[in-house]
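Residue numbers (this note's numbering): 1 to 636.
Where is the CB? At the ideal position from N, CA and C, for every residue including glycine.
Okay, structure first, notes after.
Encoded structure:
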């Protein structure tokens, strides 16, 4: 059984883990005034930053999704760890040696799974790097040399060599105290006929690090093309490695990406190396998968990518047809960025690594500098597939490019690219081209919304009295369709039928917990009768007492609640009551949170610092209370 980390060590880890530094390893933070920092939330998609960090108090809070807590909470949420694993992760970062209760401290014994796998990958990276100097690794050294990389470059990026033997790394790590199960789970080994064997053999290997610099996987290239297997082989999905979220080189590039507000996306490990060595220190690459939505989230947080930002994302692709297809795939995600997106394509088809070898560092920098907007590249790529010497060909090109222009969300930018499209096609008739684009945009809108310009539910235009422009507003849906109101009604039903299940907890809530005036009045009626604690098991006498005190407007409600069927059977009534109370308290707390958040947003952190601190403390306490209620509900 795992030991418990001592409270003193947990406090020390918090003290030595400044929240701004830890959060800043994942997102770019900027001064928001009043001692606060702000950035894009890593826990939900947003266009404008609403994620706040208060270093002086060691807390974060997102006004967009209501996530908040301290530095340990952040690491838990960010890296999907248990509390103990998050503390261990931070302790390792801060150089704190943890002590475990229930038997004392034994080095390495109580580490969580993630920490063990991180240690195994660190040891593997060191092993591979050392093997690069072995005579067997001569083909790997030659591969690097032919691509313009020196020994110091390999050391800087941690490039290593995986021996050709079946169990070289496995034996090494088993001797270091790691288990076969850990090696297989982390993707360092795989099951063979007689036990675990190395996943990478006879290959050049690049350690893949997460944004904090920990090795979480490897990319490996075979050195003999005649051998079986793919040219590149990556670590499989594991508790550490999720290829859809990983960007090679992000640990080296993150600070420059934030500083320069630019990210350069290349296609391979050697391209990242070449770019960094040539001075393009914001280069990163995907690892065995296409650039996608999760990669975008990582970059947006580093760029502080929001509406009005001046950042750049530059995609570099080979000039061949495959490179053009890759660029067009990137175009599909272009509008997930608020910042400007560009494409840099070398006309002779050289990738950044080959370009550096043949033409030098300056040529790599010039490639990035020669970028063109991704919209323009996508439109020109589509046009180039058609015969511009005939009217039929130009019209076909217009129809092919029109959806791209129609898909540009920014109206002004869409208009400008429409003008460019007319010029590139040589029609010299902007109205004709814009009308064609508008037709495409209208057709796409009809597909998204089958109602088109018709009235509600696809029928005729709205008539007076049915929500049309000349008619009254649609009738509001009854309150009882609101889940919160239904919970109120269920709690009050228990107060009438089974008051002992609610007791003092109900009595302490106050009428403000109920949103419908009828419900608040019924709560006051129960309290006037002595409260749920005085109602005992309910029954006839209790209902009679309520009815005797009720006014004419409440008697029907009391009667209805007294006879209405409960939503739980007798065996589960107590749990049902506890769940309902937790839910109602949670709703009440949520409303209070919204009230405090609204007050916070109206309070100047600099001019009203004391009031801001009070509100922020109240907000954190309310969030803590809501988390407790949710945990109670989950554990019930």
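query: DSSP on residue 9, reduced to helix/strand/coil?; result: helix
query: Starting from the Cα of residue 340, find the closest Cα among 169, 409, 310 and 511 and give me that residue.; result: 310
query: May I ask you to list the residues that DSSP assigns as paired with residue 191?; result: 196
query: Taking the continuous alpha helix (DSSP H) assigned at residue 424, which residues delimit it?; result: 411 to 425
query: My guess is that residue 173 and residue 123 are in contact by the Cβ rule of under 8 Å, so how many angstroms apart are they, rounded?; result: 6 Å
query: Suppose contacts are defined by Cβ-Cβ distances below 8 Å. Is residue 422 in contact with residue 433 by that definition?; result: yes
query: Using a Cβ-Cβ cut-off of 8 Å, state whether residue 506 counts as contacting chain C.; result: Note that chain C does not occur in the displayed structure, where there is just one protein chain.
query: Quick one: Cα of residue 175 to Cα of residue 246, how far?; result: 30 Å
query: With the cut-off set at 8 Å, would you say residue 299 and residue 263 are in Cβ contact?; result: yes
query: Going by DSSP, what residues sit across from residue 203 in a beta bridge?; result: 162 and 222
query: Judging by CA-CA distance, which residue of 517, 508 and 522 is the nearest neighbour of residue 493?; result: 522
query: Among residues of its own chain, excluding the 5 on either side of residue 674, which ones have a beta-carbon nearer than 6 Å to its beta-carbon?; result: With the chain covering 1 to 636 only, the question about residue 674 has no answer from this structure.
query: Measure the beta-carbon distance from residue 213 to residue 251 and round it to whole angstroms, keeping in mind my assumption that it falls under 8 Å.; result: 5 Å
query: When the Cα atoms are used, what is the spatial distance from residue 266 to residue 15?; result: 39 Å
query: In the DSSP assignment, what are the bridge partners of residue 31?; result: 37
query: Taking 8 Å as the cut-off, does the segment 359 to 371 touch the segment 384 to 398 (at least 3 CB pairs, one atom from each stretch)?; result: no
query: Identify the continuous alpha helix (DSSP H) that holds residue 404 and give its terminal residues.; result: 391 to 406
query: Since residue 247 sits in a beta bridge, which residues does DSSP pair it with?; result: 286
query: Exposed or buried, residue 372, counting other C-beta atoms within 10 Å across all chains shown (16 or more means buried)?; result: exposed
query: Can you list, in chain order, the residues of its chain whose CB lies under 7 Å from that of residue 637, leaving out five sequence neighbours each side?; result: Residue numbering for the chain in the displayed model covers 1 to 636; residue 637 lies beyond these limits and cannot be assessed.
query: What residues in its chain sit with their C-beta under 6 Å from that of residue 69, if we drop five residues either side in the sequence?; result: none
query: Terminal residues of the continuous alpha helix (DSSP H) containing residue 589?; result: 573 to 602
query: In this structure, what does DSSP give as the bridge partners for residue 315?; result: 265 and 343
query: Quick one: using the 10 Å Cβ neighbour count with 16 as the cut-off for buried, is residue 115 buried or exposed?; result: buried
query: Per DSSP, which residues does residue 128 bridge with? Please list them.; result: For residue 128, which the question treats as bridged, DSSP gives no partner whatsoever.
query: Checking the sheet assignment: what are the DSSP bridge partners for residue 638?; result: Because the chain spans 1 through 636 in this model, residue 638 falls outside it and cannot be assessed.
query: With DSSP run on the structure shown, which of helix, strand or coil describes residue 487?; result: helix
query: Candidates 315, 181, 166 and 74: which alpha carbon is nearest residue 296's?; result: 315
query: Check whether the segment 270 to 280 touches the segment 141 to 155, counting contact only when three or more Cβ pairs, one atom from each stretch, lie closer than 8 Å.; result: yes
query: What separation, rounded to the nearest whole angstrom, lies between the Cα atoms of residue 30 and residue 49?; result: 10 Å
query: Does the Cβ of residue 497 have 16 or more other Cβ atoms within 10 Å, making it buried, or fewer, making it exposed?; result: buried
query: Alpha carbon to alpha carbon, how far is residue 208 from residue 431?; result: 52 Å
query: Rounding to the nearest angstrom, what Cα-Cα distance links residue 217 and residue 401 in this structure?; result: 41 Å
query: Please list, in chain order, all residues of the same chain as residue 159 whose beta carbon is under 6 Å from its beta carbon, the five residues on each side excluded.; result: 206
query: Taking the alpha carbon of residue 81 as the point to measure from, which residue in 169, 94, 240 and 424 has its own alpha carbon closest?; result: 240
query: Specify the secondary structure class of residue 100 as computed by DSSP and reduced to three states.; result: strand
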